[in-house]
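Peer 1: The structure is given below, and queries will be raised subsequently.
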Amino acid sequence: MSPPQSIKVKIVENTNRKVKIRLMNANRILSVPKKAFDQRYERGFYEVVNPASLEVNI
């Protein structure tokens, strides 16, 4: 069984509680809790196309 393919996402907005991402293959914007996003990113479910946006902008 091969590992699942990662989903390419672009970070639109990054706050302390939520991350707003654009799914590149579906051209859809989703708001995801920060904790859930971090877990999915570490496991390789998400491939971020603009990694500089991972920094929190307050």
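If you read the sequence shown in numbering that gives the first Met the number 0, its first letter stands for residue 0, the second for the next number, and so on. In this text, a Cβ means the ideal position worked out from N, Cα and C, and glycines have one as well. Note that the coordinates shown come from a computational prediction; the quantities given were computed from them, not determined experimentally.
Check whether the Cβ atoms of V18 and K7 lie closer than 8 Å to each other.
Peer 2: Position 19 of the sequence shown, counting from 1, holds the residue named residue 18. Position 8 of the sequence shown, counting from 1, holds the residue named residue 7. Not a contact, by the Cβ cut-off of 8 Å.
Peer 1: Look up E12 in the DSSP assignment and give the residues it is bridged to.
Peer 2: What you label residue 12 is simply residue 13 of the sequence shown in a count that begins at 1. Paired residue(s): K19.
Peer 1: Could you tell me which residues DSSP puts in a beta bridge with L29?
Peer 2: For the purposes of this step, residue 29 is identified with residue 30 of the sequence shown, where counting begins at 1. BP columns for L29 point to I20.
Peer 1: Quick one: Cα of L53 to Cα of I10, how far?
Peer 2: For this step, residue 53 is matched to residue 54 along the sequence shown. For this step, residue 10 is matched to residue 11 along the sequence shown. If you take the alpha carbons of L53 and I10, they lie about 7 Å apart.
Peer 1: Taking the DSSP output, what are the residues bridged to V47?
Peer 2: One-based indexing of the sequence shown puts residue 47 at position 48. Partner(s): V8.
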